[in-house]
Amino acid sequence: MTVDVQYYVLLSMAVFCIGLFGVLTRRNALLFLMSVELMLNAANINLIAFAFYHGNLTGQLFALFTMALAAAEVAVGLGIILVLYRNFRDVDVTVPTTMRW
Amino acid sequence: MCVRFEPSNVTEMNDWIAIGALALVGVLIPFGMMAVSYLLRPTVPETSKRATYESGEIPTGGTRIRFNIQYYMVALLFVVFDIETVLLFPWAVAYQDALAADIPLVRALGPMLLFVAILLVGLAWAWRTGAVQWARTPRQLESDRP
Amino acid sequence: MAVLELPDWMALAPALILAGTALVLFLIDSIEPHSTNRTLLSGTAVAGSLSSLAVAVWFTVAGVGATGIENYGVIDIMNGQFVVDQLALYFMIIIAVVTALVTVASYDYLQDHTYQAEYYSLVVLAATGMSMMAASNSLVTIFIALELTSLPSYALVAILKDNRGSVEAGLKYFLIGALSSAIFVYGVSLVYGATGSLQLTRIATVLESGDGAVGEMGGLLGLGILMLIGGVAFKTASVPFHFWAPEAYEGAPAPISAFLSSASKAAGFVLAFRVFTTAFPLEATTGIIGVDWTLVFAILAIVTMTLGNFAAATQENVKRMLAYSSIGHAGYVLIGLAALSADGGDLVMGAAMMHLLVYGFMNTGAFLFVGLAEYWGVGRTFEDYNGLAERAPFACGAMAVFMFSLAGVPPFSGFWSKYLLYTELINAAADNTVLLVLAAALVINSALSLYYYSRLVKALWIEEPLLDRDRLAQPTGLYAAVIAAAVMTVVLLPAFGPVADAALEAAAAVVA
Numbered sequence: 008m009t010v011d012v013q014y015y016v017l018l019s020m021a022v023f024c025i026g027l028f029g030v031l032t033r034r035n036a037l038l039f040l041m042s043v044e045l046m047l048n049a050a051n052i053n054l055i056a057f058a059f060y061h062g063n064l065t066g067q068l069f070a071l072f073t074m075a076l077a078a079a080e081v082a083v084g085l086g087i088i089l090v091l092y093r094n095f096r097d098v099d100v101t102v103p104t105t106m107r108w
Numbered sequence: 002m003c004v005r006f007e008p009s010n011v012t013e014m015n016d017w018i019a020i021g022a023l024a025l026v027g028v029l030i031p032f033g034m035m036a037v038s039y040l041l042r043p044t045v046p047e048t049s050k051r052a053t054y055e056s057g058e059i060p061t062g063g064t065r066i067r068f069n070i071q072y073y074m075v076a077l078l079f080v081v082f083d084i085e086t087v088l089l090f091p092w093a094v095a096y097q098d099a100l101a102a103d104i105p106l107v108r109a110l111g112p113m114l115l116f117v118a119i120l121l122v123g124l125a126w127a128w129r130t131g132a133v134q135w136a137r138t139p140r141q142l143e144s145d146r147p
Numbered sequence: 041m042a043v044l045e046l047p048d049w050m051a052l053a054p055a056l057i058l059a060g061t062a063l064v065l066f067l068i069d070s071i072e073p074h075s076t077n078r079t080l081l082s083g084t085a086v087a088g089s090l091s092s093l094a095v096a097v098w099f100t101v102a103g104v105g106a107t108g109i110e111n112y113g114v115i116d117i118m119n120g121q122f123v124v125d126q127l128a129l130y131f132m133i134i135i136a137v138v139t140a141l142v143t144v145a146s147y148d149y150l151q152d153h154t155y156q157a158e159y160y161s162l163v164v165l166a167a168t169g170m171s172m173m174a175a176s177n178s179l180v181t182i183f184i185a186l187e188l189t190s191l192p193s194y195a196l197v198a199i200l201k202d203n204r205g206s207v208e209a210g211l212k213y214f215l216i217g218a219l220s221s222a223i224f225v226y227g228v229s230l231v232y233g234a235t236g237s238l239q240l241t242r243i244a245t246v247l248e249s250g251d252g253a254v255g256e257m258g259g260l261l262g263l264g265i266l267m268l269i270g271g272v273a274f275k276t277a278s279v280p281f282h283f284w285a286p287e288a289y290e291g292a293p294a295p296i297s298a299f300l301s302s303a304s305k306a307a308g309f310v311l312a313f314r315v316f317t318t319a320f321p322l323e324a325t326t327g328i329i330g331v332d333w334t335l336v337f338a339i340l341a342i343v344t345m346t347l348g349n350f351a352a353a354t355q356e357n358v359k360r361m362l363a364y365s366s367i368g369h370a371g372y373v374l375i376g377l378a379a380l381s382a383d384g385g386d387l388v389m390g391a392a393m394m395h396l397l398v399y400g401f402m403n404t405g406a407f408l409f410v411g412l413a414e415y416w417g418v419g420r421t422f423e424d425y426n427g428l429a430e431r432a433p434f435a436c437g438a439m440a441v442f443m444f445s446l447a448g449v450p451p452f453s454g455f456w457s458k459y460l461l462y463t464e465l466i467n468a469a470a471d472n473t474v475l476l477v478l479a480a481a482l483v484i485n486s487a488l489s490l491y492y493y494s495r496l497v498k499a500l501w502i503e504e505p506l507l508d509r510d511r512l513a514q515p516t517g518l519y520a521a522v523i524a525a526a527v528m529t530v531v532l533l534p535a536f537g538p539v540a541d542a543a544l545e546a547a548a549a550v551v552a
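So the protein sequences, as listed, match chains A, B and C. Heads up, the first sequence is in the numbering used here, so the first residue is 8 and it goes up one at a time. Heads up, the second sequence is in the numbering used here, so the first residue is 2 and it goes up one at a time. Heads up, the third sequence is in the numbering used here, so the first residue is 41 and it goes up one at a time.
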């Protein structure tokens, strides 16, 4: 009994859109980071579902790499958010406006 | 390295009945035990029973306090090195096959050792630059200041 | 020329040397933490990037990656995960050159900086990622190289930890970078879903044969390609992911701005050239998704160059002006991808690559001059630069060369690469009217860019200074890098023939 691949794609698209919505609406840098993680994990769902569908392991392997890189990205991001807090006393991404957009 | 997944051809719902029964039993047991103890136990209200349990220590202060930034450094190092190990899984899966296929040990083991060696350089660097130094004495803080 | 018998993986040597240099820098910093021995650290980084450059040039001259009887042919590494051909070596050269210039200039710029070793190792690590990107031939390796480039760059932009501008720039760069890399990975997963492979040549094979379910997944594939374009747009600072560029370049230390706007952009373009020429053959892909993807690039090119140049013309801050002009130049290079549908599109792409090399010298030089101005502490706006030529004629002469070359004024190499791009575009436009629009946009924008570039030269050489200045210091490293970049911008002229041939040949080899 297997689930058809299109349901996995629907799930991953839903997760991706939730992440994108979070990115566009949240002002807290930490929540932004979490939303980006959601988007990356949506891609992982896709990769693993398609690896099953196509019957090769490439997608699963790539999902492992994505996970490792996501961790590294969070590490760098948290570091930047930390210096942001030290300089601006806030983690709101709309606060730093020394340069205009 | 191509693996075909055989779709299972189980069409009846037998598996799911077993899982449902297991879940039902799993829920019933704890609730049953709680119900039995509620019926049997004597009730003796006392204030010290309502205190937070902290391994026998008397709790002080609230829980929403700020943590030392050192926790962040250690947690970050843990996350990075912990997650890097997922990259060893594919190697571990392929290792036995590689040996069976008479690939020389250097080629089978070498890439993994190289990967770990690079991680070790990173760890050594983090260690030497004080990322894992737990706490600093006032004298150390004084000598660090230029 | 006799080349030693080397194993195949040694073809990646330019990237491996950079990786080794980064590790050596980490070891130096481990042995002596917080070292302020600038000569040792900067020297190691410069030596690493120069030897990477030397090896890449040697390979090119020896014919590694070139097809033909005398040559060694395209080298395939790890079952096609990496490929070393002329395109890869060409971009490795650009990246190594920019890295060398930036590390030389950083020697003075970082004089009283606390994090010397970290700075250089991050620069070299980012350069490693870019160099690997040039040789990547699979979406897996491309994504890893992309992240290896991006992550150190985020940290580098924010490395002045107590400077609010730098931290803000780092934050914005990181936020948009994280978003675009998430979109890129999702695009990769969709392309994988449609084709069942991540290796570029295998994707192309599947698309051309049209077997399996590819035909029914045109929608997924199209969406995936669109998302990949988003990732490319971020890396090359083109519309729609260009917002970060002015902020990041303005807030970052000037050598890092130079590095990001030249090397990082080149890396983004090699990724685009590689993916779109190898993985998505035009006819087969159009047949499946129903849209010609060069059209997307044509639109992006026009919007990017127009937006970049118009915004640059209104700036008062020099670094910000250069940032917008850098967006404009990304638009010029995007033409190389937009023209691929026409006959002779490979020549246009070669011309675009040529422009990237010239741009690597002139734009790096211009940003390093801004770094020099920051080192002197003269201020950031056009007015602050008034009359600098009295005190520093050599540096200002070099800056004038960069500005005129960026604008495309005849004697300088910036003109020749733009001219090559224009003529090849007109030749290719014979059967495609969209390209005529592109050519018109190129000319109009170049004319407009002359206005704001010459405005800076006027400020430097003609305007009277607002206040009297003392003698300006002459930092060796920064001066050496600026002068070297200026000399190369001029010297590329006599060498233009062979270099242009190399670019055109590399492009033709990939497109064919």
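Note that beta-carbon positions come from the ideal geometry of N, C-alpha and C, so glycine has one too.
Cut-off 6 Å between Cβ atoms - residues of its own chain near residue i, not counting five sequence neighbours on either side
{"i": "Ala391 of chain C", "result": "Leu460, Leu461 and Glu464"}
{"i": "Ala440 of chain C", "result": "Val497"}
{"i": "Trp456 of chain C", "result": "Phe536"}
{"i": "Leu380 of chain C", "result": "Thr334"}
{"i": "Leu428 of chain C", "result": "Cys436 and Leu500"}
{"i": "Gly264 of chain C", "result": "Gly227, Leu230 and Val231"}
Buried or exposed by the 16-neighbour rule on C-beta atoms within 10 Å, applied to residue i
{"i": "Asn426 of chain C", "result": "buried"}
{"i": "Thr181 of chain C", "result": "buried"}
{"i": "Gly330 of chain C", "result": "exposed"}
{"i": "Asn51 of chain A", "result": "buried"}
{"i": "Ala211 of chain C", "result": "A small correction: the amino acid at residue 211 of chain C is Leu; Ala does not occupy that position in the sequence shown. Buried, because 16 or more other Cβ atoms sit within 10 Å of the Cβ of Leu211 of chain C."}
{"i": "Trp108 of chain A", "result": "No answer about Trp108 of chain A holds up, because its pLDDT of 45 lies below 50 and its placement is not dependable."}
{"i": "Ala70 of chain A", "result": "buried"}
{"i": "Ile20 of chain B", "result": "exposed"}
{"i": "Tyr491 of chain C", "result": "exposed"}
{"i": "Gly62 of chain B", "result": "exposed"}
{"i": "Gln239 of chain C", "result": "buried"}
{"i": "Tyr194 of chain C", "result": "buried"}
Contacting residues, own chain, Cβ-Cβ under 8 Å from residue i (five flanking each side not counted)
{"i": "Gln67 of chain A", "result": "Leu54, Ile55 and Ala58"}
{"i": "Leu488 of chain C", "result": "Asn349, Phe350 and Ala353"}
Residue nearest to residue i in terms of C-alpha spacing, selected from the options
{"i": "Asp99 of chain A", "options": "A:Leu18, A:Ile25 and A:Val30", "result": "A:Val30"}
{"i": "Ala524 of chain C", "options": "C:Phe442, C:Gln126, C:Ala353 and C:Ile339", "result": "C:Phe442"}
{"i": "Leu110 of chain B", "options": "B:Ala101, B:Gly123, B:Thr61 and B:Trp92", "result": "B:Trp92"}
{"i": "Leu446 of chain C", "options": "C:Pro47, C:Gly417, C:Val530 and C:Glu323", "result": "C:Val530"}
{"i": "Ala303 of chain C", "options": "C:Thr276, C:Glu287 and C:Ile328", "result": "C:Thr276"}
{"i": "Ser82 of chain C", "options": "C:Ala94, C:Ile68, C:Val97 and C:Leu93", "result": "C:Ile68"}
{"i": "Thr421 of chain C", "options": "C:Leu90, C:Val358 and C:Pro515", "result": "C:Val358"}
{"i": "Val97 of chain C", "options": "C:Ala547, C:Ala542, C:Ala549 and C:Val550", "result": "C:Ala542"}
{"i": "Met132 of chain C", "options": "C:Ala62, C:Leu506, C:Ala145 and C:Ile57", "result": "C:Ile57"}
{"i": "Leu482 of chain C", "options": "C:Phe401, C:Gly250, C:Pro433 and C:Ala370", "result": "C:Ala370"}
{"i": "Thr9 of chain A", "options": "A:Tyr60, A:Val22, A:Ser19 and A:Arg33", "result": "A:Tyr60"}
{"i": "Ala122 of chain B", "options": "C:Val64, C:Arg242 and C:Ala174", "result": "Ala is not the amino acid found at residue 122 of chain B; the sequence shown has Val there. Per the Cα distances, C:Val64."}
{"i": "Val83 of chain A", "options": "C:Val142, C:Ala59 and C:Leu191", "result": "C:Leu191"}
{"i": "Ser366 of chain C", "options": "C:Phe283, C:Gln126 and C:Glu323", "result": "C:Phe283"}
{"i": "Val527 of chain C", "options": "C:Phe407, C:Ala438 and C:Leu188", "result": "C:Ala438"}
{"i": "Asp424 of chain C", "options": "C:Gln156, C:Arg78, C:Ala222 and C:Asp508", "result": "C:Asp508"}
{"i": "Ala469 of chain C", "options": "C:Tyr147, C:Ser75 and C:Gly385", "result": "C:Gly385"}
{"i": "Leu162 of chain C", "options": "C:Ala128, C:Gly233, C:Ser178 and C:Gly60", "result": "C:Gly60"}
Strand pairing of residue i, partner residues [DSSP]
{"i": "Gly113 of chain C", "result": "C:Val104"}
{"i": "Ala122 of chain C", "result": "According to the sequence shown, residue 122 of chain C is Phe rather than Ala. Beta-bridge pairing links Phe122 of chain C to C:Ile117 and C:Ser176."}
{"i": "Thr421 of chain C", "result": "C:Asn357"}
{"i": "Gln13 of chain A", "result": "None; Gln13 of chain A has no bridge partner."}
{"i": "Asn35 of chain A", "result": "A:Asp99"}
{"i": "Gln239 of chain C", "result": "C:Ser178"}
Own chain partners of residue i with C-beta closer than 7 Å, once the 5 adjacent residues on each side are dropped
{"i": "Ala435 of chain C", "result": "Phe409, Leu412, Tyr519 and Val522"}
{"i": "Thr65 of chain A", "result": "Ala58"}
{"i": "Pro280 of chain C", "result": "Ala273"}
CB contact flag (residue i, residue j, <8 Å)
{"i": "Val343 of chain C", "j": "Gly308 of chain C", "result": "no"}
{"i": "Ser92 of chain C", "j": "Ala136 of chain C", "result": "yes"}
{"i": "Leu478 of chain C", "j": "Ala338 of chain C", "result": "yes"}
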